[in-house]
Amino acid sequence: AQSVTQPDIHITVSEGASLELRCNYSYGATPYLFWYVQSPGQGLQLLLKYFSGDTLVQGIKGFEAEFKRSQSSFNLRKPSVHWSDAAEYFCAGGGTFGNEKLTFGTGTRLTIIP
Amino acid sequence: EPEVTQTPSHQVTQMGQEVILRCVPISNHLYFYWYRQILGQKVEFLVSFYNNEISEKSEIFDDQFSVERPDGSNFTLKIRSTKLEDSAMYFCASVGGGGQPQHFGDGTRLSIL
């Protein structure tokens, strides 16, 4: 069965520090992969997507993610976090044709400390 | 930038009542979805809709649920007889075609009393 795993439930980092949020997927073939961010009480905003090609993808708000087929991973990174990055981050897989349902991970809650 | 809009933002309903959640997808999009997120849990797929019919549904989407695209702009989710466990945030999403990311609305928080 298709699955997306986010091993870290909660991460706390200092403002200005680097960030890496982990995501692993299990699909029969390489799926489309996405990172979404959700601020409290808000909807899901797309940060970035991977469909094919370059394994390092750039997104909005200074985020990037690296697709590693050998590790079935799609980790999200940011070199220097800002207090406004505090939110819930969801990794999602979207099948192999791009219009299938999304399977979400359980999310990682990011807390930023001064 | 075009947005997916959902109404209402918060719906409070008595158990056993019918509720209709409304969504206006992005105008040229072809695929439509409903997801739900129970408080503190992950986002779960409910149903996908294409070419005026359901293309896939999850085990959550039982006979109490239905979807409809009554005109060229709206996409609705109906829960016929609500239960306490239907309390959740419901998200609508749409996508233009294969290889495009899904765009989500801000959600409707459904509270069943």
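For the record, the sequence lines run as chains A and B.
Residue numbers -19 to 94, in this note's numbering, belong to the letters of the first sequence in order.
Residue numbers 103 to 215, in this note's numbering, belong to the letters of the second sequence in order.
Backbone N, C-alpha and C fix where the C-beta goes; we use that ideal spot for every residue, glycine too.
Contact under 7 Å by Cβ, residue i with residue j
i, j, result
"Leu24 of chain A", "Gly39 of chain A", "no"
"Phe151 of chain B", "Ser196 of chain B", "no"
"Val149 of chain B", "Trp136 of chain B", "yes"
"Trp15 of chain A", "Leu82 of chain A", "no"
"Tyr12 of chain A", "Gly74 of chain A", "yes"
"Thr88 of chain A", "Ile(-9) of chain A", "yes"
"Gly207 of chain B", "Val106 of chain B", "yes"
Euclidean distance between Cα positions of residue i and residue j
i, j, result
"Phe54 of chain A", "Glu146 of chain B", "20 Å"
"Glu187 of chain B", "Ile162 of chain B", "11 Å"
"Ala138 of chain A", "Leu179 of chain B", "In the structure as shown, chain A begins at -19 and stops at 94. Residue 138 of chain A is therefore absent and cannot be evaluated."
"Pro94 of chain A", "Lys58 of chain A", "17 Å"
"Ser64 of chain A", "Arg182 of chain B", "40 Å"
"Ser175 of chain B", "His131 of chain B", "10 Å"
"Pro203 of chain B", "Ile140 of chain B", "23 Å"
"Thr210 of chain B", "Ser111 of chain B", "5 Å"
One or two residues paired with residue i in a DSSP bridge
i, result
"Gln116 of chain B", "Gln116 of chain B pairs with nothing; no bridge assigned."
"Leu215 of chain B", "In DSSP, Leu215 of chain B forms no bridge with anything."
Q.
Residues of the region 15 to 44 of chain A in Cβ contact with chain B at a cutoff of 7 Å, in chain order, please.
A. Answer set for the region 15 to 44 of chain A: Gln22, Gly23, Leu24, Leu26, Lys29 and Phe31.
Q) When Cβ atoms are compared, which residues of the region 62 to 75 of chain A fall closer than 9 Å to chain B? A) Flagged, chain order: Phe70, Ala72 and Gly74.
Q: Starting from the N-terminal side, write out each stretch of the beta strand (DSSP E) that is 3 residues or longer and does not extend beyond the region 33 to 78 of chain A.
A: You should have 36 to 38, 44 to 48, 53 to 58 and 67 to 73.
Q) Can you give, in chain order, each stretch of the alpha helix (DSSP H) that sits fully within the region -11 to 37 of chain A and has at least 4 residues? A) Taken in chain order, no unbroken stretch of alpha helix (DSSP H) lies wholly in the region -11 to 37 of chain A with a span of 4 residues or more.
Q: Select from the region 128 to 160 of chain B all residues with a C-beta closer than 7 Å to any C-beta belonging to chain A, and list them in chain order.
A: Cβ contacts with chain A come from Tyr133, Tyr135, Lys144, Val145, Phe147, Ser150 and Glu158.
Q) Just by C-beta distance, which residues in the region 77 to 90 of chain A are closer than 9 Å to chain B? A) Close to chain B, meaning a Cβ-Cβ distance shorter than 9 Å, are the following residues of the region 77 to 90 of chain A: Phe77, Gly78, Asn79, Glu80, Lys81, Leu82, Thr83, Phe84, Gly85, Thr86 and Gly87.
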